[in-house]
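One structure below.
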Amino acid sequence: MLSLIVTILFALAIAYFAIQNTIGVTLVVANNILPNVPLYFVVISSVLVGIILASIISGLNALSAYQRLRGKEKIIAQDQRQIHDLQEKVSLLEARKTQLTTDHEVHNDDVQPVIHEEKEEQAHRPSFFHNLFHPKTETR
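Below you can see the structure in the form of structure tokens.
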């Protein structure tokens with residue numbers, strides 16, 4: 005309803021403008037002379053041509069934005085599929101890890117632990133260069 009009221013007000017403004025500007029002007033278009041064209045016709049035609057050109061440019065921009073958006077949606081869909089595949093792979097690997105740890109624990113029950121005997125520490129004997137650079141160090 006609001007758009008109808010705005011349209012009617014706009015039409016009344018154009019009609020008032022047309023009544024006030026009835027002076028005839030001469031137009032030259034591509035070497036063609038058009039005499040006595042009303043001034044309101046020239047102004048309103050110019051406005052309409054501007055609106056049409058703006059609509060075409062706006063439509064082209066909207067089409068370009070739509071195509072970019074579709075491309076990004078495809079990339080998002082591919083990424084979501086990849087995330088889903090990787091999550092499945094992680095869950096399979098976690099299940100495999102759990103299986104391997106339980107199998108390892110079963111096998112570890114049969115294995116006897118190996119006890120390493122500690123070796124006696126050998127006396128550390130400093131090198132020639134150590135003695136050369138650190139003369140205060142005592143040697144045995």
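Mapped onto the numbering used here, the consecutive letters of the sequence shown carry residue numbers 5 to 144. Positions of the beta carbon are idealized from the N, C-alpha and C atoms, including for glycine. Since the model is a prediction, treat every value here as computed from it, not as a measurement.
Query	Result
Within the same chain, show all residues whose beta-carbon is closer than 8 Å to that of valine 46, passing over the 5 residues directly before and after it, in chain order.	Val29 and Leu31
What does the alpha-carbon distance come out to for the pair leucine 8 and histidine 88?	51 Å
Throw me the rounded Cβ distance for the isoleucine 18 and isoleucine 48 pair, which I believe falls under 8 Å.	6 Å
Going straight from the alpha carbon of tyrosine 70 to that of glutamine 82, what length do you get?	18 Å
I need the straight-line Cα distance from leucine 67 to isoleucine 55, nearest angstrom please.	18 Å
Report all residues from its chain with a CB closer than 6 Å to the CB of glutamine 103; omit the five preceding and five following residues, and keep chain order.	none
Return the bridge partner residues of glycine 28 from the DSSP annotation.	Pro42
Who are the near neighbours of alanine 58 in its chain, counting only those whose CB is closer than 8 Å to its CB and skipping five residues on each side?	none
By the three-class DSSP mapping on this structure, what secondary structure does isoleucine 9 have?	helix
Leaving out five residues on either side along the sequence, give the residues of the same chain with a beta carbon under 6 Å from the beta carbon of leucine 43.	Asn25, Ile27 and Val29
How is asparagine 36 classed by DSSP in three states: helix, strand or coil?	strand
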